[in-house]
Amino acid sequence: LMGPPEARGPLGEDLTVQCWYGKGYENYIKYWCRGTTWTSCHIVVKTGSEATVKSDRVSIRDIHTFCMFVVTMRNLTVEDSGTYWCGIERPAMDLMFSVKVNVLPGNQTSLLQWT
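In this note's numbering, the protein residues as written are 3 to 117.
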């Protein structure tokens with residue numbers, strides 16, 4: 003399981019994270035969870051199919067053809083910053099990869115266009 007070690011998005015905008023997995027894991031349950039460590043991680047959203055699943059401002063979609071699942075966090079807030087994990091449920095131990103999410107301060111260009 004692989005993904006970006008860090009993902010950044012501007013305040014109020016959307017952030018998309020791609021998590022890649024090996025062949026053979028297409029039909030496993032994938033999830034996006036939040037927590038400092040994998041043991042303290044609580045699931046934000048998960049999917050067991052290629053259908054897009056939404057939970058509040060977060061969605062997840064598994065794309066079997068490309069062996070990847072995509073997580074989108076919408077309308078980012080400062081509180082969204084933190085450690086998240088791409089995860090795949092397995093009987094013995096889940097596969098997990100940590101992603102540090104950083105929400106950047108709002109873009110100033112929207113103010114400049116009025117001058």
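Note that CB positions come from ideal geometry on N, CA and C, so glycine has one too.
Beta carbon of T18, beta carbon of T74: below 8 Å?
yes
How big is the Cα-Cα spacing for W34 and I90?
W34 and I90 have their C-alpha atoms some 9 Å from each other.
For G5, which residues of its own chain have a beta-carbon under 8 Å away from its beta-carbon, when the five flanking residues on both sides are left out?
V19, Q20, C21, W22, C88, F99 and V101
What runs of the beta strand (DSSP E), each 3 residues or longer, lie entirely inside the segment 62 to 90?
70 to 75 and 84 to 90
With distances taken from CA atoms, which of N77, L97 and I45 is nearest G108?
N77
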